[in-house]
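Below you'll find the structure, written out as structure tokens, and then a few comments.
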Amino acid sequence: MIRRRIPICFIRAYIRNAMTSYIGGLFVEQFVTRYSGPLHRNLKGQRERFCAPNRSSYDMLNVVGPVIFVLMWSTGLVVARAIMSHASLGTFLFVRMMLSAGLLGGIALLMKEKWPSPKQLLLHLSAGALLHGVYLCAAYWTVARGMPAGIMSLMGSMQPLVTAAALFFIDREVPPTRTLAGLATAFAGVVCVLAPALSNNGYGHIGVSNIVAAITAVIGMTAGTIIQRGRLSSDGVRVSGSIQNAGGAMVALVGMFFGSFGRWDNLPIVWFSLIWSVVGLSVGAVLLLIWMVRSQGAAKMSTLLLAVPALAAAEAWFIFGEKLTFVQIIGFVLAVSGVVVARGKAKALPQQRVQVKKLGNA
């Protein structure tokens, strides 16, 4: 029997290319299977032991991940409070969304995600203009005009209930009784939060224009969510995030002409807020949210998001000295309780079908 002789340089090149390729382990197995036999079985066993998941680390990530996410997500409107005296809101949001669009688009290209058709592209831009553009521009504006970040965050958390109410008129989807009860409770809580500020008994004074802007923000978020209920939900998360951030940037560009155009103080707080908004919120927190929704379920994550308004209020109190009256604190409890009642066990709630696609609501 003639033994096959293989040049040593070929062996080295084969192993080097195999180990640096995406499926290097399989190439090594093919090589060893062909030329050794027993060594292949040993290598395969070693590879399986090496690649076996660390269950304890995975369980730890399931515990720590939600805590990290809520802490990150709650800073969304605190950023608006931090930069309002140092940068034009329209300029800041335009730069943030363009950088987020570029970063998410680059990740999507590396992951070789499929990009949507021109018709889908227009829908993504429309959804992004509402979710990112209208919501963030209106929310940042009202925070800059005196509305506490915690109260604006609470207003944003009402979006799932507003979506349920809107779908009743659009698709005739009748909400369950518990949803209606939760909606009424949450509305009463919001009234308790806003009433002292409107009467100038809370921290600062919230004018009618602030309320209109806050409602506009929630309507924009709701409309953007409804647009995504159909065919957009099948597109990749990173692709969707990239295009929708670009759509939001168009709205921010328009907003630049109605504010202090181009103002940008070259201060560390502005640059840190920008980097955090792009890397921490638009990319990091969103991708972490997607992972948790897929690993723990949308219903559990929906409940977790209810901690965001309270944390935002606590952060604004600690950093900026924003305060809430006793009545407003009771209103917070009522509003969050109402959302819990509405979303607790109702499996047919519309927001659970689109939770994965809610990008940039911070």
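Each residue of the sequence shown is one higher than the last, beginning at 1 in UniProt numbering. Ideal Cβ placement from N, Cα and C applies to all residues, glycine included.
Helix, strand or coil at residue i [DSSP, three-state]
i: Trp264; result: strand
i: Gly207; result: coil
i: Glu113; result: coil
i: residue 395; result: The chain is shown from 1 up to 362; residue 395 falls before or after that span and cannot be answered.
i: Lys119; result: helix
i: Phe258; result: coil
i: Ser74; result: coil
i: Gln244; result: helix
i: Met98; result: helix
i: Thr216; result: helix
i: Leu324; result: coil
i: Gly284; result: helix
i: Pro196; result: helix
i: Arg178; result: helix
i: Met147; result: coil
i: Gly106; result: helix
i: Val236; result: The amino acid at residue 236 is misidentified as Val; the sequence shows Gly. In the structure shown, Gly236 sits in coil (DSSP, three-state: anything other than H, G, I, E or B).
CB contact flag (residue i, residue j, <8 Å)
i: Ala108; j: Gly236; result: yes
i: Met292; j: Pro66; result: yes
i: Ser153; j: Leu305; result: no
i: Val270; j: Trp276; result: no
i: Tyr140; j: Ala87; result: no
i: Leu71; j: Gln244; result: no
i: Gly255; j: Gly90; result: yes
i: Leu122; j: Val283; result: no
i: Leu274; j: Val95; result: yes
i: Arg238; j: Glu113; result: yes
i: Ile83; j: Gly146; result: no
i: Leu311; j: Ser74; result: yes
i: Gln159; j: Leu232; result: no
i: Ala184; j: Leu334; result: no
i: Ala246; j: Thr142; result: no
i: residue 393; j: Leu136; result: Residue numbering for the chain in the displayed model covers 1 to 362; residue 393 lies beyond these limits and cannot be assessed.
i: Pro116; j: His124; result: yes
Residue range of the unbroken alpha helix (DSSP H) whose run includes residue i
i: His86; result: That residue, His86, is in no alpha helix (DSSP H); it is neither H nor E in DSSP.
i: Val162; result: Gln159 to Ile170
i: Val278; result: Val278 -> no alpha helix (DSSP H), and no H or E assigned at all.
i: Pro309; result: Ala307 to Phe320
Burial state of residue i, where buried means 16 or more other Cβ atoms lie within 10 Å
i: Leu267; result: exposed
i: Phe272; result: exposed
i: Leu161; result: buried
i: Ile227; result: buried
i: Ser242; result: buried
i: Arg172; result: exposed
i: Leu93; result: buried
i: Asn62; result: exposed
i: Val78; result: buried
i: Pro309; result: buried
i: Met111; result: exposed
i: Met60; result: exposed
i: Phe69; result: buried
i: Val64; result: exposed
i: Val208; result: exposed
i: residue 367; result: Summary: the structure shown does not reach residue 367, with the chain confined to residues 1 through 362, and so no result is reported for it.
i: Ser85; result: exposed
i: Thr179; result: buried
i: Phe169; result: exposed
i: Gly224; result: buried
i: Gly331; result: buried
i: Ser240; result: buried
Integer-rounded CB distance, given that residue j should sit under 8 Å from residue i
i: Thr325; j: Pro148; result: Contact doesn't hold; Cβ gap of about 11 Å is too wide.
i: Ala252; j: Gly128; result: About 11 Å; that fails the 8 Å criterion.
i: Val193; j: Ile151; result: 6 Å
i: Gly338; j: Ala144; result: That belief does not hold up - the Cβ atoms of Gly338 and Ala144 are roughly 28 Å apart, past 8 Å.
i: Thr216; j: Ala166; result: Contact flag wrong, Cβ pair sits at about 14 Å.
i: Val341; j: Ala181; result: 6 Å
i: Gly220; j: Ala138; result: 7 Å
i: Met155; j: Gly248; result: Going by Cβ atoms, the distance from Met155 to Gly248 rounds to 19 Å, so no, they are not a contact pair.
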